[in-house]
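Data block below; observations after.
2 protein chains.
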Amino acid sequence: MTPARIDGLQYANWSEKIFRQMREGNVDAVHVTITYHENFRETVLNIEQWNRWFEQYPDLIFQGHTAADIQKAQDTGRTAIFFGSQNPSCIEDDIGLVEVMHTLGLRFMQLTYNNQSLLATGCYEADDTGLTRMGKEVVREMNRVGMVVDMSHSGERSTLEAIEHSSRPIAITHANPSFWHKALRNKSDDVLRALGSSGGMLGFSIYPHHLEDGSNCTLQSFCDMIARTADLMGPENIGIGTDLCQDQPDSIVEWMRVGRWTKAIDYGEGSASNPGFPPMPDWFQDNRHFGTIEHALSATGLSASDIQGVMGENWRRFFLNSFAAEG
Amino acid sequence: MTPARIDGLQYANWSEKIFRQMREGNVDAVHVTITYHENFRETVLNIEQWNRWFEQYPDLIFQGHTAADIQKAQDTGRTAIFFGSQNPSCIEDDIGLVEVMHTLGLRFMQLTYNNQSLLATGCYEADDTGLTRMGKEVVREMNRVGMVVDMSHSGERSTLEAIEHSSRPIAITHANPSFWHKALRNKSDDVLRALGSSGGMLGFSIYPHHLEDGSNCTLQSFCDMIARTADLMGPENIGIGTDLCQDQPDSIVEWMRVGRWTKAIDYGEGSASNPGFPPMPDWFQDNRHFGTIEHALSATGLSASDIQGVMGENWRRFFLNSFAAEG
Numbered sequence: 001m002t003p004a005r006i007d008g009l010q011y012a013n014w015s016e017k018i019f020r021q022m023r024e025g026n027v028d029a030v031h032v033t034i035t036y037h038e039n040f041r042e043t044v045l046n047i048e049q050w051n052r053w054f055e056q057y058p059d060l061i062f063q064g065h066t067a068a069d070i071q072k073a074q075d076t077g078r079t080a081i082f083f084g085s086q087n088p089s090c091i092e093d094d095i096g097l098v099e100v101m102h103t104l105g106l107r108f109m110q111l112t113y114n115n116q117s118l119l120a121t122g123c124y125e126a127d128d129t130g131l132t133r134m135g136k137e138v139v140r141e142m143n144r145v146g147m148v149v150d151m152s153h154s155g156e157r158s159t160l161e162a163i164e165h166s167s168r169p170i171a172i173t174h175a176n177p178s179f180w181h182k183a184l185r186n187k188s189d190d191v192l193r194a195l196g197s198s199g200g201m202l203g204f205s206i207y208p209h210h211l212e213d214g215s216n217c218t219l220q221s222f223c224d225m226i227a228r229t230a231d232l233m234g235p236e237n238i239g240i241g242t243d244l245c246q247d248q249p250d251s252i253v254e255w256m257r258v259g260r261w262t263k264a265i266d267y268g269e270g271s272a273s274n275p276g277f278p279p280m281p282d283w284f285q286d287n288r289h290f291g292t293i294e295h296a297l298s299a300t301g302l303s304a305s306d307i308q309g310v311m312g313e314n315w316r317r318f319f320l321n322s323f324a325a326e327g
Numbered sequence: 328m329t330p331a332r333i334d335g336l337q338y339a340n341w342s343e344k345i346f347r348q349m350r351e352g353n354v355d356a357v358h359v360t361i362t363y364h365e366n367f368r369e370t371v372l373n374i375e376q377w378n379r380w381f382e383q384y385p386d387l388i389f390q391g392h393t394a395a396d397i398q399k400a401q402d403t404g405r406t407a408i409f410f411g412s413q414n415p416s417c418i419e420d421d422i423g424l425v426e427v428m429h430t431l432g433l434r435f436m437q438l439t440y441n442n443q444s445l446l447a448t449g450c451y452e453a454d455d456t457g458l459t460r461m462g463k464e465v466v467r468e469m470n471r472v473g474m475v476v477d478m479s480h481s482g483e484r485s486t487l488e489a490i491e492h493s494s495r496p497i498a499i500t501h502a503n504p505s506f507w508h509k510a511l512r513n514k515s516d517d518v519l520r521a522l523g524s525s526g527g528m529l530g531f532s533i534y535p536h537h538l539e540d541g542s543n544c545t546l547q548s549f550c551d552m553i554a555r556t557a558d559l560m561g562p563e564n565i566g567i568g569t570d571l572c573q574d575q576p577d578s579i580v581e582w583m584r585v586g587r588w589t590k591a592i593d594y595g596e597g598s599a600s601n602p603g604f605p606p607m608p609d610w611f612q613d614n615r616h617f618g619t620i621e622h623a624l625s626a627t628g629l630s631a632s633d634i635q636g637v638m639g640e641n642w643r644r645f646f647l648n649s650f651a652a653e654g
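Protein chains in written order, with my numbering: chain A, 1 to 327; chain B, 328 to 654.
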């Protein structure tokens with residue numbers, strides 16, 4: 001079996017160019033964000049756009065539903081696109097929409113995006129009160145239908161409670177360890193240990209605000225951090241989750257941060273002097289650069305099979321256990 | 328292979344009782360109406376209700392997606408439920424919702440329900456202008472994804488144009504021939520011949536307003552009509568489509584007729600003196616009575632294999648060619 005190359009999160013301004021770059025980079029599967037603050041109907045409009053891309057570029061991409069689609073992608077030389085949501089807005093206040101969204105292909109859903117949601121507390125709130133009553137019900141329903149709980153943008157307590165409450169391993173698809181770079185979005189050793197010991201997955205982000213030295217972060221520092229995290233939470237529980245926001249205009253990062261929840265500007269991880277998307281490190285500009293990371297990892301002391309795990313095989317195994325209905 | 332027993336349309340006030348009666352009647356598959364005038368979001372709420380029934384009664388019913396689910400129903404002693412819509416309200420003004428609704432399981436959609444729609448003209452309008460511009464586009468999209476065009480409530484010209492324009496055979500899931508009983512909802516010889524010669528299907532309705540002598544229609548008259556229709560359009564192009572509205576309160580037939588399109592009352596096939604659901608004939612009260620029809624058909628001169636066709640095998644073959652995506 002050819003080792004898989006899988007990205008645990010992207011939110012690009014999708015185009016034929018980017019789909020072709022996925023192929024050039026031999027990326028077999030990508031978890032793509034299809035929605036942030038959009039309600040159900042608006043999210044369905046985004047799915048309609050994806051359906052048109054699938055119809056338009058059948059030789060490059062197709063919609064992924066199960067882990068078997070990774071093999072199908074490898075066999076047919078295409079990239080399997082798995083849908084995810086960064087906020088639970090798409091299920092509104094209606095637990096029945098969990099199964100509906102799963103039927104439409106949603107395989108990951110964050111319980112929060114920075115703020116308090118109906119389900120849990122985001123990492124930017126002053127107080128984290130953990131999973132709400134509805135949050136516990138929705139996690140159970142996500143477990144039942146086969147939708148991954150993603151806590152990338154959640155607070156510490158909420159994340160620990162999601163790990164505890166979920167009957168299936170959860171994911172933090174795009175974040176890094178706080179021990180390497182302190183940021184509200186990065187995760188404590190406690191969270192990472194609990195995540196690893198429960199069989200969950202961390203996807204390493206290359207979004208500059210999550211990196212030591214930001215856009216100037218070196219590839220060696222990034223790879224050393226991966227090796228240290230493998231020691232902390234197990235080499236089988238880590239992968240890549242680039243958070244690549246390629247070709248997006250800055251209006252998009254404003255939508256991500258502000259949605260419709262405030263009339264003011266919120267800079268999130270940015271600032272008034274640096275409000276837009278930060279430039280990606282020179283060693284990872286787009287999907288063609290996964291090989292650069294894979295090559296650099298071999299200098300870290302990780303074994304060849306551990307590196308295959310990080311580059312995609314760990315996500316493949318996680319997908320296999322995550323997307324089918326229970327029972 | 329055990330001959331299938333399939334009903335081409337029901338809209339009951341669903342309950343465990345009715346699902347058990349489907350099993351008692353050995354009904355392998357039913358096309359159920361899940362929506363009339365409901366918009367997309369409201370239709371999804373109806374799907375959520377069905378999802379709860381599927382979760383609640385897994386030993387009795389499951390959602391049908393492909394013709395293979397008929398065999399699965401027979402193998403597991405359950406009834407496969409196939410979704411349909413009696414009006415295109417669920418796709419609103421958005422052709423992208425055709426594929427979304429198909430992903431959610433919709434396998435039949437009427438282009439009209441009595442009135443003019445965005446797609447075509449209903450059988451109660453004074454003038455039938457045929458398929459609209461959007462109607463032609465939507466038929467093409469339904470052909471592409473594998474959703475059956477159902478013209479049960481459409482006008483004559485619209486029906487003939489749908490047969491002509493559709494690249495795949497269409498259905499009239501629940502109506503009878505006008506030659507037997509003149510009613511706006513019943514179909515002319517021209518329509519039935521065009522339907523049969525294009526490989527389409529007619530499902531015979533047992534809704535009293537479509538029957539000779541209404542609720543007093545005899546089983547023999549009904550079966551003789553079936554035999555005559557077999558002569559007219561071919562024994563392989565006919566099946567059952569009972570239009571069973573079991574246990575529905577009269578408020579439902581008012582919703583079916585009036586929706587939100589008028590503030591007045593429209594009696595449809597009823598009248599001010601007979602506004603509610605008419606009583607079903609004594610020989611067909613519920614799903615346990617399919618055997619009664621099958622038995623009576625043997626007195627008509629139809630062959631044993633033609634009778635198997637009418638009772639379900641013709642629908643099975645039609646499902647096989649209708650529900651998968653093109654290409």
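Every residue, glycine too, gets a C-beta built ideally from N, C-alpha and C.
Keep in mind that this is a model prediction, so the values were computed, not measured.
T103/A and L431/B: beta carbons closer than 9 Å?
Looking up residue 103/A in the first sequence gives position 103. Looking up residue 431/B in the second sequence gives position 104. Yes, they are a contact pair.
At a CB-CB cut-off below 9 Å, which residues of chain A make contact with E452/B?
Here residue 452/B is taken as the residue at index 125 of the second sequence, counted from 1. Within 9 Å Cβ-Cβ: nothing; E452/B doesn't reach chain A, min ~30 Å.
Going by C-alpha to C-alpha distance, which of G462/B, S525/B and I634/B sits closest to I288/B?
Because chain B spans 328 through 654 in this model, residue 288/B falls outside it and cannot be assessed.
Please determine, among S197/A, G200/A and D282/A, the residue with the shortest C-alpha to C-alpha distance to F222/A.
If you number the first sequence from 1, residue 222/A lands on position 222. Closest by alpha carbon: D282/A.
Can you check whether the C-beta of S103/A is within less than 9 Å of a C-beta belonging to chain B?
As a first step, residue 103/A is located in the first sequence; it is residue number 103 there, counting from the start. It is worth fixing the name first, because residue 103/A is Thr in this sequence and not Ser. So, interface residue.
Are the C-beta atoms of I47/A and some chain B residue less than 9 Å apart?
Residue 47/A sits at position 47 when you count from the first residue of the first sequence. True, the Cβ-Cβ gap to chain B drops below 9 Å.
Inter-residue spacing [alpha-carbon to alpha-carbon] between V575/B and H37/A:
Start at 1 with the first residue of the second sequence, and residue 575/B comes out as number 248. Start at 1 with the first residue of the first sequence, and residue 37/A comes out as number 37. Inspection of the sequence shows that residue 575/B is occupied by Gln rather than by Val. The C-alpha of Q575/B lies about 39 Å from the C-alpha of H37/A.
Look at the alpha carbon of T300/A and the alpha carbon of E294/A, and state the distance between them as a whole number of angstroms.
In the first sequence, the residue the question calls residue 300/A occupies position 300. In the first sequence, the residue the question calls residue 294/A occupies position 294. Rounded to whole angstroms, T300/A to E294/A spans 11 Å at the Cα level.
Here's the rule I'm using: 16 or more other beta-carbon atoms within 10 Å means buried, otherwise exposed. How should M469/B be labelled?
By 1-based counting over the second sequence, the position of residue 469/B is 142. Buried, since its Cβ has 16 or more Cβ neighbours within 10 Å.
Output the distance between the C-alpha atoms of L424/B and N373/B, rounded to the nearest integer angstrom.
In the second sequence, the residue the question calls residue 424/B occupies position 97. In the second sequence, the residue the question calls residue 373/B occupies position 46. Cα-Cα distance, rounded: 16 Å.
List, in chain order, every chain A residue whose beta-carbon is nearer than 7 Å to that of N378/B.
Looking up residue 378/B in the second sequence gives position 51. Those within 7 Å of N378/B in chain A are G96 and E99.
The segment 22-44 of chain A: positions lying closer than 8 Å to chain B by Cβ
F40, R41 and V44: these are the residues of the segment 22-44 of chain A whose beta carbon lies less than 8 Å from some beta carbon of chain B, given in chain order.
Which of helix, strand or coil DSSP assigns to I499/B:
As a first step, residue 499/B must be located in the second sequence, where it is residue number 172. In this structure, I499/B counts as strand in the three-state DSSP scheme.
Per-residue DSSP class, three states only, for I70/A
One-based indexing of the first sequence puts residue 70/A at position 70. DSSP places I70/A in helix when its eight states are reduced to three.
In the DSSP assignment, the beta strand (DSSP E) including T79/A goes from what residue to what residue?
Here residue 79/A refers to the residue found at position 79 when the first sequence is read from its first residue. Segment T79 to S85, the beta strand (DSSP E) holding T79/A.
Can you give me the C-alpha to C-alpha distance between T448/B and I490/B, rounded to a whole angstrom?
As a working mapping, residue 448/B is identified with position 121 in the second sequence. As a working mapping, residue 490/B is identified with position 163 in the second sequence. Distance between the alpha carbons of T448/B and I490/B: 14 Å.
Under a three-way DSSP split, which group does P177/A fall into?
Stepping through the first sequence from its first residue, residue 177/A is reached at position 177. Residue state, collapsed to three classes: strand.
Which of helix, strand or coil does DSSP assign to M474/B?
Taking the second sequence and counting its residues from 1, one reaches residue 474/B at position 147. M474/B: coil per DSSP, three-state reduction.
Starting from the Cα of Y384/B, find the closest Cα among R484/B, G618/B, A394/B and A407/B and give me that residue.
As a first step, residue 384/B is located in the second sequence; it is residue number 57 there, counting from the start. Here the closest residue by C-alpha is A407/B.
Hey, is A652/B close to the ligand SAM, as in C-beta under 8 Å from one of its heavy atoms?
The model on display carries no ligand, and the ligand SAM is accordingly not part of it.
Just confirm the distance between the C-beta atoms of I397/B and F646/B, as a whole number of angstroms; I'd bet it's less than 8 Å.
In the second sequence, residue 397/B corresponds to position 70, counting from 1. In the second sequence, residue 646/B corresponds to position 319, counting from 1. Rounded, the Cβ-Cβ distance is 7 Å, consistent with contact.
Between which two residues does the beta strand (DSSP E) harbouring R107/A extend?
The residue given as residue 107/A occupies position 107 in the first sequence. Where R107/A is concerned, the enclosing beta strand (DSSP E) stretches over L106 to Q110.
Close beta carbons around R350/B, own chain, < 8 Å, minus the five adjacent residues each side:
One-based indexing of the second sequence puts residue 350/B at position 23. Same-chain partners within the cutoff: L387, G404, R405 and T406.
So, for F611/B: in the same chain, excluding its five sequence neighbours on each side, which residues have a beta-carbon less than 6 Å away from its beta-carbon?
Taking the first residue of the second sequence as position 1, residue 611/B is located at position 284. Cβ within range, chain order: I533.
Would you decide whether E426/B is buried or exposed? Buried here means 16 or more other CB atoms lie within 10 Å of its CB.
One-based indexing of the second sequence puts residue 426/B at position 99. Buried, since its Cβ has 16 or more Cβ neighbours within 10 Å.
Proximal residues to I422/B (C-beta, below 8 Å), its chain only, five neighbours per side dropped:
Translated into the one-based positions of the second sequence, residue 422/B becomes position 95. Excluding positions up to five away in sequence, the list reads M461, E464, V465 and E468.
How about A623/B and L546/B: are their beta carbons less than 9 Å apart?
To locate residue 623/B, count along the second sequence from 1; it is residue 296. To locate residue 546/B, count along the second sequence from 1; it is residue 219. Contact annotation: A623/B and L546/B have beta-carbon atoms nearer than 9 Å.
Would you list, in sequence order, the uninterrupted alpha helix (DSSP H) runs of no fewer than 4 residues that lie entirely inside the segment 208-264 of chain A?
219-233 and 250-258
What are the boundary residues of the beta strand (DSSP E) that I6/A is part of?
Looking up residue 6/A in the first sequence gives position 6. Where I6/A is concerned, the enclosing beta strand (DSSP E) stretches over I6 to Q10.
Less than 8 Å between C-beta atoms, sequence neighbours within five positions excluded: which residues of the same chain meet that for G636/B?
Mapped onto the second sequence, residue 636/B falls at position 309. So the list reads P562, E563, I565 and G566, once near-sequence residues are dropped.
Entirely within the segment 591-646 of chain B and at least 4 residues each: give me those alpha helix (DSSP H) ranges in chain order.
Counting only runs of 4 or more, we get 617-624 and 631-635.
Taking the straight line between their C-alpha atoms, what separation do you get for L106/A and L336/B?
Here residue 106/A refers to the residue found at position 106 of the first sequence. Here residue 336/B refers to the residue found at position 9 of the second sequence. The straight-line gap from Cα to Cα measures roughly 31 Å.
If you check the beta carbons only, do T362/B and Q413/B fall under 9 Å apart?
The sequence position of residue 362/B within the second sequence is 35, counting from 1. The sequence position of residue 413/B within the second sequence is 86, counting from 1. In contact: T362/B and Q413/B (Cβ atoms closer than 9 Å).
Is DSSP giving M142/A helix, strand or coil here?
Stepping through the first sequence from its first residue, residue 142/A is reached at position 142. The answer is helix: DSSP assigns M142/A an H, G or I state.
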